[in-house]
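Quick note on the numbering used here: the sequence shown kicks off at 258 and runs consecutively.
We put the beta carbon where it would ideally sit given N, CA and C, even for glycine.
Here the structure is a predicted model, which is why all the values come from computation and not from measurement.
All remarks here apply to the structure that follows.
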Amino acid sequence: MAGQVGQAGKTRAESGSAPAPAPLAPRARLLPALGAVYRAQLSRARVARIPLLFVATFQSIGIMVLMRGVVDGGAEARAVVAGSSVLVVAFVALNLLAQYFGQLRASGGLDHYATLPVPPAAVVLGAAGAYASFTVPGTVVTAVVGSVLFELPLTHLWVLAAVIPLAGAALAGLGAALGLLAPRQELATLLGQLGMSAALLLGVLPADRLPGPISYARDLLPSTYGVEALARTFDDHPDWAVVGLDLAVCGVVGVVSLTVATWAYRRAAVR
C-alpha cells in the first residue's frame, strides 16, 4: 500500500513538473475581423477627420468655381466636375491614409496590430474601407454642386455608388502602400501629398489639354478610370459598356493596390 501511494505521488510530481501549455485562441476569421477594424477606424475617422473632409470638399468646389471662368461646357466641363468629385476621394483615401499608416509605423502602432489575432488583410481593408466610406458625403455634394454650376444633368449621378467604392479602394490601397513602404513618416506625408496633387492635375484638367507624355502618366493614375466613368455619364446617351469597362479597370487596380498594401503591412509589421 505504501509503495502504491509513493508511486502515485511520484507520478503526480512528474506530471506537475512539466504542465502542458495552454492552447492559444483561434485566429480571427477575415470577415469578422474586417468588420471590427472597419467600425473602429470609421469611428476614429469620424471624430478626427470631419474638419479635413470639409477642407477637401471646399477645395474641390473652389476648383470648379475657378474653372468655371475658363470652361464653358461640353467635354471640358464634364471632365472638371468628374475630376473634382473624385479629388475628394483622393484627398481622404490617398493623402490622409498615407499619413495615417506612416504615423502608425513611426510610432510603433503596427506592433499593437501585430499582437492581435487579426489577419493583415483585415487591418488594411478595414482602414481603407473606413477612409473610402468617409468620402461619400463630400463626393456627392461636390458632384451635385458641379453639375448645377456647369448645367450638367443630374440623372445618372447614381453611378457614384460604384465610382466611390472602386476609386476609393484603388486610391486607399495606394495610400496605404505609400505609408507602409516609406522609410520615414515625413516621406509618407510627402508621397501622399504628391499623389493627391497628381490626382488634381491629371484628373481635373481635360485630357485633350495635356501634353502627350503627361497623358500616359494620367493613364497610370488609379483614379483616372473613376473620373472617366463619371464623366461619360454626363452625356445625353451614355455608353454604358465603356462606363462599365472603366469601372472594371478601376476595380482591378483596386484589388492590385490593396494586395500590395497588405504585403507592405506584413513587411512593415515584422520589422
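Q.
Let me confirm a value: Thr519 is counted as buried when at least 16 other C-beta atoms fall within 10 Å, else exposed. Which label applies?
A. Around the beta carbon of Thr519, 16 or more other beta carbons lie within 10 angstroms, which makes this residue buried.
Q: Below 7 angstroms CB to CB, which residues in the same chain sit around Arg207 once its five sequence neighbours on both sides are set aside?
A: The requested residue 207 is not part of the displayed model; the chain covers only 258 to 528.
Q) Rounded to the nearest angstrom, how far is the Cβ of Gly330 from that of Phe407, given a contact under 8 angstroms? A) At roughly 6 angstroms, the Cβ-Cβ gap stays under 8 angstroms, so Gly330 and Phe407 are in contact.
Q: Specify the secondary structure class of Val509 as computed by DSSP and reduced to three states.
A: Reduced to three states, the DSSP call for Val509 is helix.
Q. Run through DSSP, which three-state label would Ala439 get?
A. Looking at Ala439 - three-state DSSP - the assignment turns out to be coil, as it is neither helix nor strand.
Q: Write down the C-beta distance between Gly432 and Ala355 rounded to the nearest angstrom, noting that I regard them as a contact closer than 8 angstroms.
A: Approximately 4 angstroms separates the beta-carbon atoms of Gly432 and Ala355; this is inside 8 angstroms, confirming the contact.
Q: Kindly list the residues whose CB is nearer than 6 angstroms to the CB of Gly273, restricted to its own chain and excluding five residues on each side of it in sequence; keep chain order.
A: At Gly273, the pLDDT of 49 sits below 50, so the modelled position is not reliable; the number obtained from the coordinates is stated separately. Correct list: empty, nothing qualifies.
Q. Is it right to say Val484 is buried, meaning 16 or more other beta carbons lie within 10 angstroms of its own, or is it exposed?
A. Answer is buried; the Cβ neighbour count reaches 16.
Q.
Considering only their Cβ atoms, is the gap separating Val517 from Val380 smaller than 8 angstroms?
A. Cβ distance not < 8 angstroms, so Val380 and Val517 don't count as in contact.
Q: Inspect the beta-carbon positions of Ala455 and Leu478 and report whether they are closer than 8 angstroms.
A: Contact annotation: Ala455 and Leu478 have beta-carbon atoms nearer than 8 angstroms.
Q | Ordered list of alpha helix (DSSP H) runs contained in the region 448-488, each at least 4 residues | A | As far as the region 448-488 is concerned, its whole alpha helix (DSSP H) runs of at least 4 residues are 469-477.
Q) How many Å lie between Ala505 and Leu515 at the Cα? A) Taking the straight line joining both Cα atoms gives about 15 angstroms.
Q. Does the distance from the C-beta atom of Trp472 to that of Thr399 stay below 8 angstroms?
A. The sequence as given places Ser at residue 472; Trp does not occur at that position. In this structure, Thr399 does not lie closer than 8 angstroms to Ser472 by Cβ.
(Q) I'd like to know whether the C-beta atoms of Ala526 and Leu367 end up nearer to each other than 8 angstroms. (A) Using a Cβ distance threshold of 8 angstroms, Ala526 and Leu367 count as a contacting pair.
Q: Give a yes or no on contact between the region 368-377 and the region 416-432, applying the rule of three or more CB pairs nearer than 8 angstroms.
A: These segments do not touch.
Q) With 16 other CB atoms within 10 Å as the buried threshold, where does Val499 fall? A) By the neighbour-count criterion, in which 16 or more other beta carbons inside 10 Å mark a residue as buried, Val499 falls on the exposed side.
Q: Report yes if the CB atom of His413 is closer than 8 angstroms to the CB atom of Pro495, and no otherwise.
A: Cβ distance < 8 angstroms, so His413 and Pro495 count as in contact.
Q: Please confirm if Leu411 has its CB atom under 8 angstroms from at least one CB of chain D.
A: Given the protein chain composition of this structure (a single chain), no chain D is represented.
Q. For Val345, does the three-state DSSP call read helix, strand or coil?
A. Secondary structure at Val345: helix, using DSSP grouped into helix, strand and coil.
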